[in-house]
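Here's the structure we're looking at; comments come further down.
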Amino acid sequence: MITLNLLHPSQSTPVQSWTFDADSVIKIGRSKENDVVILSSVVSRKHIELVFNGSEWEIVSLGSNGTYVNDRPVKKIKVNDGMIVRLGNSGPKIQILLEVGDPEKVSKKSESKRSSEHDSDSSKDKMTYLTIPPE
Numbered sequence: 001m002i003t004l005n006l007l008h009p010s011q012s013t014p015v016q017s018w019t020f021d022a023d024s025v026i027k028i029g030r031s032k033e034n035d036v037v038i039l040s041s042v043v044s045r046k047h048i049e050l051v052f053n054g055s056e057w058e059i060v061s062l063g064s065n066g067t068y069v070n071d072r073p074v075k076k077i078k079v080n081d082g083m084i085v086r087l088g089n090s091g092p093k094i095q096i097l098l099e100v101g102d103p104e105k106v107s108k109k110s111e112s113k114r115s116s117e118h119d120s121d122s123s124k125d126k127m128t129y130l131t132i133p134p135e
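Okay, structure coming up:
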């Protein structure tokens, strides 16, 4: 499983989180067609994809506004637990947490997540309006 934490613009505290299974491609951007929607002017419509290749996650940058890890632009990079990705030069930051462990434990969490998705409007859950204060 993978958890994405959208971090507060001026602090390192999460303001919203999403959790996904390891067998998925996660699309992040401004378009409502993405799995994670972040409405910010510096986020591209289709900004990044997180791709699980069977053994590890990779970030693939699709956005014309750039994707940064440790203040360096990246096009494609292996995901490390706890890494922070910035969308755009001055955009929102997403912390990535990887869960490794007992597959049975992971499976049970996935099932409970799936059932809660059907009970609510998932389009509301995935949309985040983000206002970044000027520096």
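According to the UniProt record's numbering, the residues represented by the sequence shown are 1 to 135, in order. Even for Gly, the Cβ is constructed at its ideal location relative to N, Cα and C. These numbers come from a predicted model, not from an experiment.
Item	Value
Spatial neighbours of S107 within its chain, please: C-beta separation below 8 Å, excluding the five flanking residues on both sides.	Low local confidence applies: a pLDDT of 39 at S107 is under 50, so the model's placement there is unreliable, with the coordinate-based value given in what follows. Around S107: no qualifying Cβ.
Could you give the first and the last residue of the continuous beta strand (DSSP E) run that contains E49?	I48 to F52
Note down, in chain order, each residue of its chain lying with its Cβ closer than 7 Å to the Cβ of V69, except the 5 sequence neighbours on either side.	I77, M83 and V85
Starting from L39 and walking both ways along the beta strand (DSSP E), at which residues does that stretch end?	V36 to L39
Starting from G91 and walking both ways along the beta strand (DSSP E), at which residues does that stretch end?	G91 -> no beta strand (DSSP E), and no H or E assigned at all.
Secondary structure at V56, three-state DSSP: helix, strand or coil?	The displayed chain sequence assigns Glu, not Val, to residue 56. Three-state result, E56: coil.
Going by C-alpha distance, which of D21, R72 and P9 is nearest M1?	D21
If I measure Cβ to Cβ from P14 and keep anything under 8 Å in the same chain, skipping five residues before and after, which residues do I get?	N5, L6, L7, H8 and Q95
Three-state secondary structure (DSSP) at S64?	coil
Could you check whether I59 and I48 sit closer than 8 Å to each other, using their CB atoms as the reference points?	yes
Give the straight-line distance between the Cα atoms of S40 and G54, rounded to the nearest whole angstrom.	31 Å
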